[in-house]
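Here's the structure we're looking at; comments come further down.
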Amino acid sequence: MSPAGPSVTERVLGILSAFGPGAEALTLSGIARAAGLPLSTAHRLVGELAAWGALERGEDGRYRIGLRLWEVGALAPRSLGLRERAMPYLEDLYEATRQNVQLAVRDGHEVVYVERLAHPEAVRVFSRVGGRMPLNATGVGQVLLAFAPPPVQEEVLAGPLPALTPRTITDPQVLRRTLAAVRREGVAVCDGMVDLLSLSVAAPVRGEDERVVASLSVVVPSAGAEPRMIVPAVRASARGISRALGAPSARRRPAGVVTPVPGLAADAT
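If you count by full-length UniProt numbering, then the sequence shown holds residues 1 to 269, one letter each, in order.
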């Protein structure tokens, strides 16, 4: 922020940042309050954003994120090509498990979900497309952190590790050992770390330079879950996406066929 106050760009970004989970629809005064702007300034900028399509005003007078902004965000290169190539494998994994299937990338010290397929009768999840979660608490996050550059790992380990449930790993030494196991085994299993009722199994997705560019996971009910039954399907799907992205190691090894996972697909129907 400059001595003269926030720039127009900072004010606009403040308005857009006012929206989020639990704040999907806001009044003009609510936007002004959340963005720390005078009502007159908020009125002018919100009007310009609505005219462009970044915001939409409903019949109730509240503003919501507009489709124009979604269209622009969908062009983000890290999600655009990734989602297109990943979708056939995500759909196969979804059909095999009839559970929640997620694809995520790392942005700084957080996970950003770029796709999610959710069965209506599957265990609940708190993720959403475009949503963020801490790296230490999720299966996809632990995979992305395990294969992140060492400086990133050290920054996360040195900083606060948010706890979403009593089972979330918040001890840096325990997390360090967990990340080593993920690198060694090529899979992360998180039981009750986001929600006590759910368990996730995640695997890395590699790009053409062999770097891990994303992570794929299946979220299943924690009660009675047998991760060893789920791991092969998750690994096969992640390898298939990696092959579609041009990863040499995935081309050398068969991507495999994702077959129904016993005890999962039947339970969800």
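Beta carbons: idealized from backbone N, C-alpha and C, even for Gly. Small disclaimer: the values here were computed from a predicted structure and weren't measured.
Ranked by how close their Cα comes to the Cα of ASN136, the residues GLU121, VAL213, GLN173, GLY22 have GLN173 in first place. Assignment of GLN99 by DSSP, reduced to helix, strand and coil, places it in the coil class.
Taking all protein chains shown into account, SER215 has 16 or more neighbouring C-beta atoms within 10 Å of its C-beta and is therefore buried. Assignment of alpha helix (DSSP H) within the stretch 120–152, counting only whole runs of 4 or more residues, yields 139–146 in chain order. Using a Cβ distance threshold of 8 Å, GLY139 and VAL201 count as a contacting pair.
In this structure, the alpha-carbon of HIS43 lies about 16 Å from that of GLU10. Residue range 227–244 is occupied by the alpha helix (DSSP H) that includes VAL234, with no beta strand (DSSP E) assigned at that position.
With contacts defined by Cβ atoms closer than 8 Å, VAL46 and ILE31 form a contacting pair. For ARG183, the secondary structure class from DSSP, reduced to helix, strand or coil, is helix. In this structure, GLN102 keeps its C-beta atom at 8 Å or more from the C-beta atom of ARG85.
Under the 8 Å Cβ criterion, the stretch 192–209 counts as touching the stretch 244–253, having at least three qualifying pairs.
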